[in-house]
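Everything on this sheet refers to the single structure shown next.
Residue numbers (this note's numbering): 10 to 534.
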């Protein structure tokens, strides 16, 4: 699940990272020679030609080049131009890779109704499979982020993509609950390992377009998740579960491209030359100028403490949002099975294997559309927020958007009751899909904002910041399926939906604890 925000600036208020980037006076000894070019004079003495070449005045003017979003802000480049500079190919590879990873992460989820009927899983087993996936993908992320930051490496993200591509496509060979849990655990560990590494790398590669890049990264995952949710049941129906390993090939190709794109990107936020993102061998430089454009001083202990308090508030909010996300995954799976069986007048306990498989495939298709609808609610608004949000709007968005989602979730049982009680069953499916869109908006649209803001609050620990906001929060939110099952079995279907809506509302209320002054101080990053 799962990566935005822009903050205000004097000339480009919609971009978070158009300011306060280091501009080195001299290059590091190990940096590329080409990186020194902007600082070199045309000759030993201004206005005098070098031996063996024409004077600088006689040189034809260089053709204009598009601004580079990763370049330091120089007197000849406006921040407005950098705000609209295109993202580089390496950043786009990271974004597309997120889509591929999330495609694999949404193969097992939409197929759960089929797996339930195929392996005769109980409600507890169903919740356990979902919870194991969430725990593994979530708790591994802070660990991977810490190791990656400490070793200054991106390797674990690529290995995670390989694990996801291999393990997920073997789900059709699971013939028992234990085997299914192993497949789910291994694939989820890989999916989790990918996210903090790739999110931080894309943010670094984007330079001043960090907010927009993180939004695109998040949307790339949403598009991949939507595709997996919708196409996995169709693929299984057309070719069978045992044909899933064919999907391993594009996953491995994407992993190779990801290695090319991010393995040389440093974890530390500083620029050593125009036109490229920091590399692993780059080091903070001495002799840098002071004044506008110079590197920001390290925050004092009080400022660090204030920033960490905001990070923990963002973390708590994301735990609540991911808890809602995971609970709704379970509730929509359960609704798809119940609705499909009711429409056919069937009971699972009375079906033979062929009928159970037919029911499972039909319910998987409906569940896939419901899960994809949540992705729609998460992805589209998240991308728009990447352009619209400034530091003055971030707090308001974190407060208000969950309210919309909570209202949508709370309407689900009323919608089901209206359709069933007044002979309006045709409203159930489109109505529930709209509920899914609204729910996705409520818990997912602000996720990129929390990631980008956390990276700005912890600029030298971007991997850790990403890991906390995604996997660290996701790990605790992984109890959502078990919570939903417990609520349904103890209180009933309607209270389960209403309590989940209340948790989503609470996630918005936590934003009151964020001091606006802290957002102002990191707005230029």
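Glycine residues also receive a C-beta, built at the ideal position from the N, C-alpha and C atoms.
Cut-off 6 Å between Cβ atoms - residues of its own chain near residue 354, not counting five sequence neighbours on either side: Same-chain partners within the cutoff: there are none.
Rounded straight-line distance, which links the Cα of residue 221 to that of residue 436: One alpha carbon belongs to residue 436, the other to residue 221, and they sit about 37 Å apart.
Spatial distance of residue 351 from residue 425 (CA atoms): Each residue's Cα considered, the two are about 13 Å apart.
Status (buried if at least 16 other CB within 10 Å, exposed otherwise) for residue 248: Here residue 248 is exposed: its Cβ has fewer than 16 other Cβ atoms, across all protein chains shown, within 10 Å.
Selected residue, minimal CA-CA separation from residue 198, among 172, 465 and 312: The option with the nearest alpha carbon to residue 198 is 172.
Integer Cβ distance of residue 339 from residue 490, believed to fall under 8 Å: About 4 Å; that satisfies the 8 Å criterion.
Cβ of residue 453 within 8 Å of any chain B Cβ: Absent here is chain B; the protein component of the structure consists of one chain.
Proximity of residue 271 and residue 163 at Cβ, strictly below 8 Å: Against a cut-off of 8 Å, the Cβ pair of residue 163 and residue 271 comes out as a contact.
Beta-carbon spacing of residue 239, residue 381 below 8 Å: Going by C-beta atoms, residue 239 is nearer than 8 Å to residue 381.
Residue 138 versus 321, 190, 123 and 156, residue with shortest Cα-Cα distance: Nearest C-alpha to residue 138: 190.
Inter-residue spacing [alpha-carbon to alpha-carbon] between residue 193 and residue 445: The alpha-carbon atoms of residue 193 and residue 445 are separated by roughly 24 Å.
Short Cβ contact (8 Å threshold) for residue 442 with residue 378: In terms of Cβ geometry, residue 442 and residue 378 form a close pair [threshold 8 Å].
Cβ neighbour criterion (16 or more within 10 Å) applied to residue 309: By the 10 Å Cβ count, residue 309 comes out exposed.
Counted within 10 angstroms of its Cβ, other Cβ atoms place residue 159 as buried (16 or more) or exposed: Classification of residue 159: exposed, given that the 10 Å Cβ count is below 16.
Residue 213 versus residue 389 - alpha carbon distance: Rounded to whole angstroms, residue 213 to residue 389 spans 23 Å at the Cα level.
Residue 517 versus residue 448 - alpha carbon distance: Cα to Cα, residue 517 sits roughly 13 Å from residue 448.
Through-space distance from residue 100 to residue 208, alpha-carbon basis: Looking at the two C-alpha atoms, the distance is approximately 10 Å.
Simplified DSSP state of residue 413, which is helix, strand or coil: Reduced to three states, the DSSP call for residue 413 is helix.
Cβ-based neighbour list, residue 165, same chain, cut-off 7 Å, excluding 5 preceding and 5 following: For residue 165, where only same-chain residues beyond five positions count, the Cβ hits under 7 Å are 153, 156, 157, 202 and 206.
Burial state of residue 258, where buried means 16 or more other Cβ atoms lie within 10 Å: The residue in question, residue 258, is exposed, as its Cβ has fewer than 16 Cβ neighbours within 10 Å.
Inter-residue CB distance, residue 167 and residue 256 (contact presumed, cutoff 8 Å): In this structure residue 167 does not touch residue 256 by the C-beta definition: roughly 18 Å separates them, more than the 8 Å allowed.
Three-way DSSP call (helix, strand, coil) for residue 272 in this model: Here residue 272 sits in coil by DSSP.
Neighbourhood of residue 476 by C-beta distance below 6 Å, restricted to the same chain and skipping five residues each side: Residues 150, 151, 154 and 205 of the same chain have their beta carbon placed closer than 6 Å to that of residue 476, with the five preceding and five following residues left out of the count.
8 Å Cβ cutoff met for residue 116 and residue 237: Here residue 116 is near residue 237, since their CB atoms are less than 8 Å apart.
Cβ-Cβ distance between residue 231 and residue 384 below 8 Å: Yes. Within cutoff.
Straight-line gap, residue 472 to residue 521 (C-alpha atoms, nearest Å): Approximately 26 Å between the Cα atoms of the pair.
Collapsed DSSP secondary structure at residue 26 in the structure displayed: Per-residue confidence for residue 26 stands at a pLDDT of 37, beneath the threshold of 50, marking its modelled position as unreliable; the derived number appears in the next sentence. Residue 26: coil per DSSP, three-state reduction.
Closest residue to residue 453 among 333, 474, 122 and 499 (Cα-Cα distance): Among 333, 474, 122 and 499, the Cα nearest to that of residue 453 belongs to 333.
Collapsed DSSP secondary structure at residue 146 in the structure displayed: Residue 146 falls in the helix class under three-state DSSP.
Cβ neighbour criterion (16 or more within 10 Å) applied to residue 457: Per the 10 Å Cβ criterion, buried.
DSSP state of residue 176 mapped onto helix, strand, coil: Note: residue 176 maps to helix in three-state DSSP.
Proximity of residue 496 and residue 505 at Cβ, strictly below 8 Å: Yes, the pair counts as a contact, with Cβ atoms nearer than the cut-off.
For residue 502 and residue 440, the rounded distance between their alpha carbons: Those two C-alpha atoms are separated by around 17 Å.
Identity of the residue in 127, 374, 196 and 467 nearest residue 244 by Cα: When the alpha-carbon of residue 244 is set against those of 127, 374, 196 and 467, the nearest one is in 374.
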